[in-house]
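Per the UniProt record's numbering, residue 1 is the first one in the sequence shown, and the count goes up by one each step. Using N, Cα and C, we set each Cβ at its ideal position, and we do this for glycine too. Input: a single structure, listed below in structure tokens.
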Amino acid sequence: MTSFICRFAEAADIMGEQLSPDEKFKLITRNLQEVLGEERLKEILKERELKVYWGTATTGKPHVAYFVPMSKIADFLKAGCEVTILFADLHAYLDNMKAPWELLELRVQYYEQIIKAMLESIGVPLDKLKFVKGTDYQLSREYTLDVYRLSSMVTEHDAKKAGAEVVKQVEHPLLSGLLYPGLQALDEEYLKVDAQFGGVDQRKIFTLAEKYLPSLGYTKRIHMMNPMVPGLTGGKMSSSEEESKIDLLDKNQEVKKKLKKAFCEPGNVENNGVLSFVKHVLFPLHSEFIIKRDPKWGGDKVYTDYEEVEKDFAAEEIHPGDLKASVELALNKLLDPIRKKFETPELKKLTASAYPEPSKNKGGVKGNPKQNTDEEEAIPSRLDIRVGKVVSVEKHPDADSLYLEKIDVGEEQPRTVVSGLVAYISQEQLQDRLVVLLCNLKPQKMRGIESQAMLLCASIEGEPRKVEPLDPPEGSAPGDRVFVEGYESGKPDDELKPKKKVFEKLQVDLKISDQCVAQWKDQNLMTKLGQITCKTLKGGNIS
1 MTSFICRFAE AADIMGEQLS PDEKFKLITR NLQEVLGEER LKEILKEREL
51 KVYWGTATTG KPHVAYFVPM SKIADFLKAG CEVTILFADL HAYLDNMKAP
101 WELLELRVQY YEQIIKAMLE SIGVPLDKLK FVKGTDYQLS REYTLDVYRL
151 SSMVTEHDAK KAGAEVVKQV EHPLLSGLLY PGLQALDEEY LKVDAQFGGV
201 DQRKIFTLAE KYLPSLGYTK RIHMMNPMVP GLTGGKMSSS EEESKIDLLD
251 KNQEVKKKLK KAFCEPGNVE NNGVLSFVKH VLFPLHSEFI IKRDPKWGGD
301 KVYTDYEEVE KDFAAEEIHP GDLKASVELA LNKLLDPIRK KFETPELKKL
351 TASAYPEPSK NKGGVKGNPK QNTDEEEAIP SRLDIRVGKV VSVEKHPDAD
401 SLYLEKIDVG EEQPRTVVSG LVAYISQEQL QDRLVVLLCN LKPQKMRGIE
451 SQAMLLCASI EGEPRKVEPL DPPEGSAPGD RVFVEGYESG KPDDELKPKK
501 KVFEKLQVDL KISDQCVAQW KDQNLMTKLG QITCKTLKGG NIS
């Protein structure tokens with residue numbers, strides 16, 4: 001690995017010196033979705049090297065999608081850029097306290113170790129980078145005064161709009177979340193850079209910076225944006241969505257398991273997280289990709305152009321199984337040195353301290369231990385709630401008030417679900433509809449037919465009783481996980497034991513808000529795409 005890094009460093013130095021401004025521009029901007037300030041970027045490259053920073057809020061554990069910005073950082077270095085990496089610890093706290101204050105320093109230490117391990121695994125020399133912690137300068141007198149100056153200019157509307165795709169959205173947002181975009185804008189000035197690099201989800205923060213920094217007398221910066229890489233389930237890869245991402249410390253068998261379940265429909269190149277990883281990580285790093293397959297299916301094939309991979313996959317000349325197996329092999333080569341580094345007792349302890357198990361009772365158990373244990377177990381993350389699509393619906397053969405439905409929940413076969421909705425919604429309204437299901441209740445026979453999930457609905461008692469199925473956000477897909485805000489990281493039970501009455505205990509606090517949003521104890525039910533809602537039943541119960 002050391003010799004590989006040395007070769008990278010030498011190559012970066014040589015390339016930075018030998019490349020023309022136009023060649024540097026192409027390398028800096030390749031695979032980016034958008035650049036704001038292209039002409040300014042070209043002007044700087046004609047005069048000197050570009051100074052750029054990438055920041056990451058130290059919240060959930062980084063996952064394999066972080067290789068996307070890491071591979072761009074490698075491009076920046078090859079183009080001779082001066083690169084700063086910001087560990088934005090204060091931002092992590094301001095974002096609805098995603099990182100509790102007492103864990104901030106531990107999270108920063110974890111991020112620094114894991115990001116450096118990632119960079120080393122792709123051969124990026126650390127001595128070419130500058131690492132900065134946000135609170136090293138964000139608590140200074142000058143920075144604090146600029147925060148006040150900025151807050152006197154930025155409207156609440158602009159601050160909320162800027163953070164809409166980055167800051168955690170809640171019904172009653174904290175003031176801290178409104179400060180977040182302004183601080184990110186000020187970072188550009190205090191890090192003394194020409195450009196900020198991030199995901200396209202940060203575009204509104206970037207445009208806020210372009211609008212307001214000149215009002216403070218500071219220069220408008222260049223903004224470079226990566227596309228958002230789809231997760232394994234087809235949507236955005238997220239630290240809080242366990243099924244959508246592969247953790248950097250996942251073992252080989254866990255990588256295999258998650259890739260096997262990944263969305264990778266034959267011929268479909270849209271929202272394909274496996275293909276996106278090849279495009280945005282493997283090709284920029286290695287300039288080639290090898291499809292490994294049995295000789296009877298044509299044997300191995302080396303691709304030196306990503307477009308050819310996508311073309312062959314679209315034509316179904318590459319089988320999803322072969323694509324996944326080839327990505328698995330390449331990915332494990334990247335993860336091996338990271339996993340090895342984190343096998344040391346010190347880093348194992350750091351990982352456990354920075355990300356303690358949420359179910360552990362730090363205060364100790366008093367009184368009746370069994371009673372305390374039962375109360376701890378009744379947490380929303382134990383529920384396996386998913387988006388489903390009604391494939392077929394018909395009347396139950398032995399019960400006029402029941403429907404018999406086949407519902408796709410992202411598994412190989414649709415589940416059979418029996419629901420008492422005949423009096424409230426027509427078959428036509430249910431057919432092909434996206435719904436929300438509780439999938440880990442013990443299967444139960446209803447008039448002779450086993451129901452394998454519960455279709456969740458909002459209801460209001462009275463004459464007449466009103467019932468509406470819950471609605472997932474637009475763009476949802478069967479199998480998308482539904483979670484309660486603040487309980488994203490827990491793992492659902494395989495099956496809820498009836499005697500424990502976990503769902504019954506939680507159901508008491510499942511309600512519909514005045515904005516028709518499904519909630520548990522005032523915390524929204526969410527998917528990676530947004531809130532779970534109903535159409536009209538404000539204040540209703542959920543069952």
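Candidates 138, 140, 67, of which the one nearest residue 122 by Cα = 67
So who's on the other strand from residue 87, going by DSSP bridges?
-> 56, 133
Return helix, strand or coil for residue 404, following the three-state DSSP convention.
-> strand
Report yes or no: do the region 85-95 and the region 29-49 share at least 3 C-beta pairs separated by less than 8 Å?
-> no
State the start and end residues of the unbroken alpha helix (DSSP H) segment that holds residue 209.
-> 203-212
Of the choices 216, 338, 126, whose alpha-carbon is the least far from that of residue 145?
-> 216
Backbone CA spacing between residue 292 and residue 38 [nearest angstrom] = 39 Å
Taking buried to mean at least 16 other C-beta atoms within 10 Å of its own C-beta, is residue 331 buried or exposed?
-> buried
Roughly how many angstroms lie between the CA atoms of residue 322 and residue 399, to the nearest whole one?
-> 47 Å
Report, in whole angstroms, the separation of the C-beta atoms of residue 163 and residue 190, which I expect to be a contact under 8 Å.
-> Actually they are not in contact, since the Cβ atoms of residue 163 and residue 190 sit about 19 Å apart, beyond 8 Å.
Exposed or buried, residue 394, counting other C-beta atoms within 10 Å across all chains shown (16 or more means buried)?
-> exposed
With residue 223 and residue 262 assumed to form a contact (beta carbons below 8 Å), what rounded beta-carbon distance in angstroms separates them?
-> Actually they are not in contact, since the Cβ atoms of residue 223 and residue 262 sit about 31 Å apart, beyond 8 Å.
Is residue 465 helix, strand or coil by DSSP?
-> coil
Sequence-distant residues of its chain with Cβ nearer than 8 Å to residue 260 (five each side left out) = 324
What's the gap between the Cα of residue 160 and the Cα of residue 499?
-> 45 Å
Using only alpha-carbon positions, find the residue among 277, 472, 43, 407 that is nearest to residue 458.
-> 472
Near residue 109, which residues of its chain fall below 8 Å by C-beta distance, leaving aside the five closest residues on each side in sequence?
-> 350, 354
The region 437-450 touching the region 521-540, judged by at least three CB pairs closer than 8 Å | no
Bridge partners of residue 519, per DSSP?
-> 511, 524
Hey, which unbroken runs of the alpha helix (DSSP H) at 4 residues or more fall wholly within the region 279-319?
-> 283-286, 306-314
What did DSSP end up calling residue 114 once you bin it into helix, strand or coil?
-> helix
Which stretch, first to last residue, makes up the beta strand (DSSP E) that contains residue 184?
-> Note, residue 184: premise wrong, no beta strand (DSSP E); alpha helix (DSSP H) at 175-190.
With C-beta atoms as the reference, is residue 436 less than 8 Å away from residue 482?
-> yes
DSSP-derived helix/strand/coil call for residue 356 = coil
Apart from the five residues just before and just after residue 301, which ones in its own chain have a Cβ nearer than 6 Å to its Cβ?
-> 291
Buried or exposed: which applies to residue 69, given that a residue is buried once 16 or more other Cβ atoms fall within 10 Å of its Cβ?
-> buried
Could you work out which residue in 112, 387, 402, 231 is closest to residue 245 when comparing CA atoms only?
-> 231
Tell me where the alpha helix (DSSP H) around residue 76 begins and ends.
-> 67-78
Residue 230 (DSSP reduced to helix, strand or coil) = strand
Residue 89 and residue 107 look like a contact to me (Cβ under 8 Å); what is the Cβ gap, rounded to whole Å?
-> 7 Å
Nearest to residue 427 by alpha carbon, out of 392, 532, 270?
-> 392
Under 8 Å, do residue 277 and residue 200 count as touching if we go by C-beta distance?
-> no
Thinking just about the alpha-carbon of each residue, which of 341, 333, 307, 294 is nearest to the one in residue 319?
-> 294
Residue 108 (DSSP reduced to helix, strand or coil) = helix
Can the beta-carbon of residue 269 be found closer than 8 Å to that of residue 314?
-> yes
In three-state DSSP terms, what is residue 371?
-> A caution first: residue 371 carries a pLDDT of 40, below 50, which makes its placement in the model too unreliable to give a value.
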